[in-house]
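Inspection log for the structure reproduced underneath, given as structure tokens.
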Amino acid sequence: MARTYKCGLQLIEFILLLYSFTLLAPRIQTTNTPESCIRQDETKMPTCSHFMKPDDNTVLTKLLKQIHVQQVEMKNEESRTNYQLVEKTVNSMIAAMQKTNDLFKSMYQREVYTGSYWDGLRVKSPTEFDLNMVLRMPFKDPDVEIIMNDEVPAFLQYHLQRDVKDILALNNKKWSFQQKLVDFFDTDRNLLRPQIHSWIQSVLTTAMQSKHFTKPKGVEKITPSRGGPAFTFYITTTATNPKAKGVKIDLDLVPVIDGSKHPVPDKIYKSPRFNELNEQWFMVPKPWTGKGAGKPETYWRISFPEAEKSLLPTQGCVKILIKLFKLLRDKQKWDKIASYYIKTLFLLELDDSPDPNIWKEKHLGNLFQMMLKKLQNALEDMKLTYYFNRKANLLSGIKRSTCYNYAKRISKIISKISASPDAVLIFFA
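228 is the number of the first residue of the sequence shown in the working numbering; add one for each residue after it.
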């Protein structure tokens, strides 16, 4: 009898132990070494559509909405005022450039606002604006070849089949100023990125020092700066009262070459969610920093800002999630994770999970954790593909140790939030 009772107790203890293990199992995290940074779980990561339950994580969803309202949302009036000042400043710049340079006047097409403000992804203060100044080369398609090299993914070369003079000089009243274009190409007739950049710098400087440029009302000072492919202008607004200081607005102006007259290169990925991808694409003077480019000064980054904006749904919580990820990145000081990488993470997932019902705000808590896991996996694998060219890896320039440290931190965040949704407030503090 005593033996039977003892066996019964052992059986009950075994069942309780097994039950405890099933509760803990989902929270067990896979550990990784800095040397490999590879997930031990070889199964395919499920998409957002595989896990959704309508009422999961209601507490986390409410907390994330609270964080979004308190720390992310922009003030509409301030946003509108700053945008109007930027628009007036840019219009004055462009007008002065057209009046002081005939070649620029003939090539200039329009300005295209890009970046987080225009995409609806800006976090908090609306003081940074990005704008593409679109230029069109005066060459027709038969004379132009767009070359994409497999060794330099997401970049291209703009190549002429004949010399500039042979194409434009004959019976051309514009040749007096278009002959400047000869300097923009190398001996192999490839468009030179540094030459275009230097020319625009010269045109901008001349225009802003001329009588044709006037500061808009409400602008106290404009300070130019140059860094990367953009020309940066710090616009200081006029203070509203003597004791207050004016707002400092950052304007990044990027000269881009319009590619719309030419077919989108075959190597560019065409999303099934967007059927008009070839309508607008640009060549951005962003330098290629990797290997494989024989003449790096002839390579331009291909860009689809208007397509990217169209690929992000305006309904649901996708944009809220992207802004929360950017805020978390800033709070955690993950400096190497660019805003564009975060946007790309969501663009890729939207292809796998296009159903708008998945991205409803009631799923915000679940989606936040799911996409954090996606980011962790990308960092562990050191791979996040460029949306429009799947051979390009956006994370290739980040050190392995940095990727590992970020991934490890994200893993801990996921664990703590899973155990207690209130913990999310700590990570956004």
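All C-beta atoms in this analysis are idealised placements derived from N, C-alpha and C, irrespective of residue type, glycine included.
Fill in: Where R420 sits in the DSSP three-state scheme
helix
Discussion item. Using a Cβ-Cβ cutoff of less than 7 angstroms, which residues in the same chain neighbour G473 once the five nearest sequence positions on both sides are dropped?
Written reply: E447, T463, T464, T465 and A466
Worksheet item: S642: buried (16+ other C-beta within 10 angstroms of its C-beta) or exposed?
Response: Sixteen is the threshold: since fewer than 16 other Cβ atoms of the shown chains lie within 10 Å of the Cβ of S642, the residue is exposed.
Discussion item. Just to confirm, is the Cβ distance from L538 to S580 under 8 angstroms?
Written reply: no
Worksheet item: What's the C-alpha gap between F331 and S487?
Response: 18 angstroms
Worksheet item: Secondary structure at R659, three-state DSSP: helix, strand or coil?
Response: Outside the shown range of the chain (228 to 656) lies residue 659, about which nothing can therefore be said.
Worksheet item: A534 to P469, Cα distance in whole Å?
Response: 44 angstroms
Item to complete: Given a cut-off of 8 angstroms, decide if K618 and P380 are closer than it, judged by their beta-carbon atoms.
Response: A distance below 8 angstroms separates the beta carbons of P380 and K618.
Discussion item. Ignoring anything shorter than 4 residues, give me the alpha helix (DSSP H) runs that lie fully in the segment 400–475, in order along the chain.
Written reply: With a minimum length of 4 residues, the continuous alpha helix (DSSP H) runs that stay inside the segment 400–475 are 402–405 and 420–435.
Practice prompt. Indicate the three-state DSSP secondary structure (helix, strand or coil) for F573 in the structure shown.
Written response: helix
Item to complete: Give me the Cα-Cα distance between R349 and L383, rounded to the nearest whole angstrom.
Response: 29 angstroms
Fill in: Whether N620 touches L606 by CB criterion (8 angstroms)
no
Item to complete: Please classify A434: is it buried, with 16 or more other beta-carbons within 10 angstroms of its beta-carbon, or exposed?
Response: buried
Discussion item. Can you find the residues in the same chain that come closer than 8 angstroms, C-beta to C-beta, to H489, ignoring five residues on each side of it along the sequence?
Written reply: D368, V371 and I373
Worksheet item: Does DSSP classify Q603 as helix, strand or coil?
Response: helix
Worksheet item: Is it right to say F615 is buried, meaning 16 or more other beta carbons lie within 10 angstroms of its own, or is it exposed?
Response: Burial call: buried.
Discussion item. Let me check one thing: in DSSP terms, what residues is F509 bridge-paired to?
Written reply: D485 and S530
Worksheet item: Helix, strand or coil for N259 per DSSP?
Response: At N259 the pLDDT is 40, less than 50, meaning the model places this residue with poor confidence; the figure from the coordinates comes in the next sentence. Looking at N259 - three-state DSSP - the assignment turns out to be coil, as it is neither helix nor strand.
Worksheet item: Which of helix, strand or coil does DSSP assign to M360?
Response: strand
Worksheet item: In three-state DSSP terms, what is I625?
Response: coil
Worksheet item: Where do the ends of the alpha helix (DSSP H) carrying Y496 lie?
Response: Annotation: Y496 is outside any alpha helix (DSSP H) and is labelled neither H nor E by DSSP.
Discussion item. Quick check on DSSP: helix, strand or coil for D649?
Written reply: helix
Practice prompt. Identify the continuous beta strand (DSSP E) that holds F382 and give its terminal residues.
Written response: F382 to L387
Item to complete: Look at the alpha carbon of G455 and the alpha carbon of I640, and state the distance between them as a whole number of angstroms.
Response: 34 angstroms
Discussion item. Could you check whether L548 and F573 sit closer than 8 angstroms to each other, using their CB atoms as the reference points?
Written reply: It is a contact, given that the beta carbons lie within the stated cut-off.
Practice prompt. Say whether the segment 508–524 touches the segment 404–423, bearing in mind that this needs 3 or more beta-carbon pairs closer than 8 angstroms, one atom from each stretch.
Written response: yes
Worksheet item: What do you get for Q405, buried or exposed, if any count of 16 or more other CB atoms within 10 angstroms of its CB means buried?
Response: Q405 should be labelled buried.
Worksheet entry | Anticipated Cβ contact below 8 angstroms, Q336 with R363, distance rounded | 5 angstroms
Practice prompt. Provide the residue(s) that pair with D477 in DSSP beta bridges, ordered along the chain.
Written response: Paired residue(s): E355 and Y461.
Practice prompt. Please say whether D493 and E355 have beta carbons closer to each other than 8 angstroms?
Written response: no
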